[in-house]
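As numbered in the numbering used here, residues 7 to 309 make up the sequence shown, in order.
Ideal Cβ placement from N, Cα and C applies to all residues, glycine included.
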Amino acid sequence: METIQLNASSVFDPTGLVVALGFFDGLHAAHTVLLEQAIQIATTTGRTAAVYTFSTHILSYLRREPFCHLSSLEDKRLYAEQAGFQKFIVFEVDDALVQLEPETFIERFLVGAAGVVIGFDFSFGRFGRGNADLLIRDGRLAVTVVAEIAYHGKKIGSSRVRDALTAGNLPLANRLLGHPYRIGGIVEKGKGRGKILGFPTANVDHDGYLLPKQGVYATYIEIRGQRYESMTNIGDNPTFSGNRITLEVNAFQFHGSIYGERVVVEFLAFRRGETKYRSTADLIDQMHRDEQDVRAFFAAKEE
């Protein structure tokens with residue numbers, strides 16, 4: 007799959023492309039429907055399937071607010087490649103792009119494409135005026151609009167996933183996503199406290215990702231292409247008066263050094279919230295109980 011980076015002034019020929027247009031944060035169940043539809047159209051018509059996405063969240067950029075993503079660009083790229091897309095096209099979000107009139111975006115980057123697949127509520131261009139209706143009114147493109155997809159009467163969307171993760175509601179978050187929530191990152195050197203306590207952990211750099219509610223989770227960790235059952239803690243180590251939120255993973259069946267390597271953590275179930283303990287001994291006792299609980303979760307899962 008070819009990865010292409012564009013900006014507002016780039017010259018690009020979209021001829022023959024079937025374009026899936028969106029930000030696709032979370033790659034949730036509704037995104038999957040849209041992306042699969044683009045692949046199906048491209049396959050049926052013998053065209054090239056392409057993802058058009060953006061380097062960051064446009065509204066957050068406009069507000070000059072930090073943005074914590076559910077899916078990194080690398081996550082999206084890997085998904086697109088596995089799904090069968092031939093091109094992954096990333097538009098650099100800057101002042102020029104957000105001020106680009108949607109008609110200009112259409113003229114410069116879409117006219118000539120074999121088709122465009124877009125969500126019913128996705129917007130682009132200056133003031134967010136670009137949308138499915140504008141593409142249809144333009145009349146030069148074959149536009150496929152993916153209607154709202156709901157779960158329990160409410161739209162499946164990234165904001166709903168975020169709310170569920172923040173509340174520690176993994177069953178809902180993962181149902182909306184259609185897969186376990188994942189965080190990928192490089193294993194960094196920590197303070198080595200986990201090893202001293204008898205629970206060696208991989209300290210995973212979570213930079214840029216939205217972290218779920220602080221506490222203990224049953225997780226899988228993918229190391230060198232292999233998944234391992236694991237126990238993960240998200241928190242600021244209140245027993246030791248920590249002030250930096252960390253993501254620390256204790257893999258049950260893996261032993262070895264992975265400093266500097268990229269791993270992926272899949273969140274399956276929230277087990278308990280973060281607690282400050284009176285002593286290190288109390289913390290160690292709780293960690294043993296957590297391990298038993300998480301192992302029991304996996305054992306029940308296999309039955």
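DSSP lists I240 as the bridge partner or partners of L253.
The secondary-structure analysis by DSSP pairs I229 across a beta bridge with Q232, V269. DSSP lists V57, V123 as the beta-bridge partner residues of A26. Per DSSP, the beta bridge partners of V222 are N239, R278. Close CB contacts of Y58 within its chain, under the 8 Å cut and outside five residues either way in sequence, are with V25, A26, L27, G28, I95, F97, F115 (chain order). Contact between the stretch 81–90 and the stretch 150–166 is absent: fewer than three C-beta pairs spanning the two stretches fall below 8 Å.
Residue state for Y215 is assigned as strand, using DSSP reduced to three classes. Between the stretch 59–72 and the stretch 167–179, the count of Cβ pairs shorter than 8 Å is below three; the stretches do not touch. Ranking I124, G125, F130, T21 by CA distance to the CA of P108 puts F130 first. When C-beta atoms of the stretch 8–16 are compared with those of the stretch 141–154, fewer than three pairs fall below 8 Å, so the two segments do not count as touching.
In chain order, G174, N239, I240, G241, F276, R277, R278, G279, E280 place their CB closer than 8 Å to the CB of G221, counting only its own chain and leaving out the 5 sequence neighbours on each side. L106 and V269 have their alpha carbons spaced roughly 38 Å apart.
With a beta-carbon spacing of about 17 Å, Y215 and L182 fall beyond the 8 Å limit used to define contacts.
For V193, the enclosing beta strand (DSSP E) covers residues 187–194.
In this structure, DSSP gives Q92 a state outside helix and strand, which the three-state scheme calls coil. In this model, G134 and G262 are separated by some 49 Å (Cα to Cα).
The Cβ atoms of A170 and V193 do not sit closer than 8 Å to each other.
Using a C-beta cut-off of 8 Å, the stretch 145–153 makes no contact with the stretch 228–236, since fewer than three inter-stretch Cβ pairs fall below that distance.
Uninterrupted alpha helix (DSSP H) stretches at least 4 residues long and entirely within the stretch 125–179 occur at 138–144, 164–172, given in chain order. In this structure, G136 is the residue among A89, A120, G136 with its C-alpha nearest to the C-alpha of L103. Membership of V117 in any beta strand (DSSP E) is not indicated, and neither H nor E is assigned to it by DSSP. Excluding residues up to 5 positions away in sequence, G118 lie with their Cβ nearer than 7 Å to the Cβ of D19 in the same chain. DSSP places Q11 within a strand segment (E or B) once states are collapsed to three.
Boundaries for V39: no beta strand (DSSP E) harbours it, while the alpha helix (DSSP H) harbouring it runs 35–51, taken from the DSSP string. The alpha-carbon separation between D211 and R295 amounts to approximately 26 Å. Boundaries for V210: no alpha helix (DSSP H) harbours it, while the beta strand (DSSP E) harbouring it runs 208–210, taken from the DSSP string.
DSSP places H63 outside any alpha helix (DSSP H), giving it a letter other than H or E.
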